[in-house]
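As structure tokens, this is what we get:
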């Protein structure tokens, strides 16, 4: 069985980043949400985006 990619959310500077991790490729930032005035809200939106990638509601190939 092959491992699939997984996603994490992290803060970097003024953005919350959605990072895709795969077994055989470099980690890749697939979305960035500006922190603006409410960092907790931005992180929540980033987690929502990560969930959309996992469930297939967002297709990463359409983002390239």
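In this note's numbering, the protein residues as written are 663 to 726.
For glycine and all other residues, C-beta sits at the position ideal for the given N, C-alpha and C.
Of the residues the options, the one placed nearest residue i, counting alpha carbons only
{"i": "residue 679", "options": "671, 711, 686", "result": "671"}
{"i": "residue 701", "options": "677, 713, 691", "result": "677"}
{"i": "residue 715", "options": "675, 698, 673, 691", "result": "691"}
Distance between residue j and residue i (C-alpha atoms, nearest Å)
{"i": "residue 681", "j": "residue 711", "result": "11 Å"}
{"i": "residue 726", "j": "residue 686", "result": "Residue confidence is low: residue 726 scores 46 on pLDDT, short of 50, so the model does not pin down where it sits. Its coordinate-derived value is still stated next. Residue 726 and residue 686: Cα-Cα distance of roughly 19 Å."}
{"i": "residue 720", "j": "residue 693", "result": "11 Å"}
Residues of its chain near residue i, where Cβ-Cβ distance is below 6 Å and the 5 sequence neighbours each way are ignored
{"i": "residue 663", "result": "Because residue 663 carries a pLDDT of 38, less than 50, the predicted location of this residue cannot be relied on, and the following value inherits that uncertainty. Once the five neighbours on either side are set aside, residue 663 has no close Cβ partner at all."}
{"i": "residue 708", "result": "671, 678, 680, 695"}
Residues near residue i in its chain [Cβ-Cβ closer than 7 Å; skip 5 each side]
{"i": "residue 668", "result": "683"}
Sequence-distant residues of the same chain with beta carbon closer than 8 Å to residue i, five excluded per side
{"i": "residue 689", "result": "681, 682, 683"}
Q: List in chain order: all unbroken beta strand (DSSP E) runs of 3+ residues lying wholly within the segment 666-711.
A: Within the segment 666-711, the runs of beta strand (DSSP E) at least 3 residues long that lie entirely inside it are, in chain order, 668-674, 677-683, 690-696.
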